[in-house]
Amino acid sequence: MPVKREFIENGRVVYMVFSDPWRADEMSVGYDDVLRAYEESPGKVHSLVDLTHARRIPEGIFRLRSLPGWKHPKSGDVIIFGASAFAEVMIQALKRLLGYGNIHVFKTEAEARAFLAQKLNAPSTPSQEG
Numbered sequence: 023m024p025v026k027r028e029f030i031e032n033g034r035v036v037y038m039v040f041s042d043p044w045r046a047d048e049m050s051v052g053y054d055d056v057l058r059a060y061e062e063s064p065g066k067v068h069s070l071v072d073l074t075h076a077r078r079i080p081e082g083i084f085r086l087r088s089l090p091g092w093k094h095p096k097s098g099d100v101i102i103f104g105a106s107a108f109a110e111v112m113i114q115a116l117k118r119l120l121g122y123g124n125i126h127v128f129k130t131e132a133e134a135r136a137f138l139a140q141k142l143n144a145p146s147t148p149s150q151e152g
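Using the numbering used here, the letters of the sequence shown map in sequence onto residues 23 to 152.
Encoded structure:
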């Protein structure tokens with residue numbers, strides 16, 4: 023399957039790898055597991071997204087804004103790396119459509135993981151926990 027998802031960092035991070043060809047509807051496969059992780063986690067659950075092997079953006083990508091996790095109180099930052107220039111433009115458009123300021127795009131995996139480490143090591147406060 024061109025969209026792979028696993029939980030890392032003791033369930034505090036959903037790690038997703040996309041590779042061509044992938045379809046937008048594949049994002050929702052297994053999404054119940056993500057929602058369950060939100061419910062079971064004592065804090066925010068972040069997403070680390072690898073687009074290194076996804077050079078094209080599939081049709082219907084903007085339907086992703088209807089996924090319920092975007093507005094979940096325990097939905098943390100979405101940290102993306104390896105996006106093509108076109109994918110980065112589409113990500114910024116999706117970010118504006120969602121009104122979701124917690125999407126961050128990095129060129130390299132090392133930069134993305136460094137940012138993620140800061141998020142994971144930040145002290146929790148009631149305002150961060152939703």
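Don't be surprised by glycine CBs; every beta carbon is placed ideally from N, CA and C.
Cβ pair residue i, residue j closer than 9 Å
| i | j | result |
| --- | --- | --- |
| Lys141 | Ile83 | no |
| Ala134 | Leu86 | no |
| Leu57 | Phe103 | no |
| Glu48 | Pro24 | yes |
| Asp99 | His68 | yes |
Three-state class that DSSP yields for residue i in the structure shown
| i | result |
| --- | --- |
| Lys26 | strand |
| Tyr37 | strand |
Whole-number beta carbon distance between residue j and residue i, since they are thought to touch under 8 Å
| i | j | result |
| --- | --- | --- |
| Arg27 | Val35 | No, Arg27 and Val35 are not in contact; Cβ-Cβ is about 11 Å, not under 8 Å. |
| Phe128 | His75 | Going by Cβ atoms, the distance from Phe128 to His75 rounds to 16 Å, so no, they are not a contact pair. |
| Lys93 | Lys66 | Incorrect: roughly 13 Å between the Cβ atoms, too far for contact. |
| Pro80 | Ala46 | 5 Å |
| Tyr60 | Gly33 | Not a contact, Cβ separation roughly 10 Å. |
DSSP beta-bridge partners of residue i
| i | result |
| --- | --- |
| Ile113 | According to DSSP, Ile113 bridges with nothing at all. |
| Ser97 | Val67 |
Which runs of the beta strand (DSSP E) at least 3 residues long sit entirely within the region 29 to 95? Give them in chain order.
Counting only runs of at least 3 residues, the region 29 to 95 fully encloses the following beta strand (DSSP E) elements, listed from N- to C-terminal order: 35 to 41, 67 to 75.
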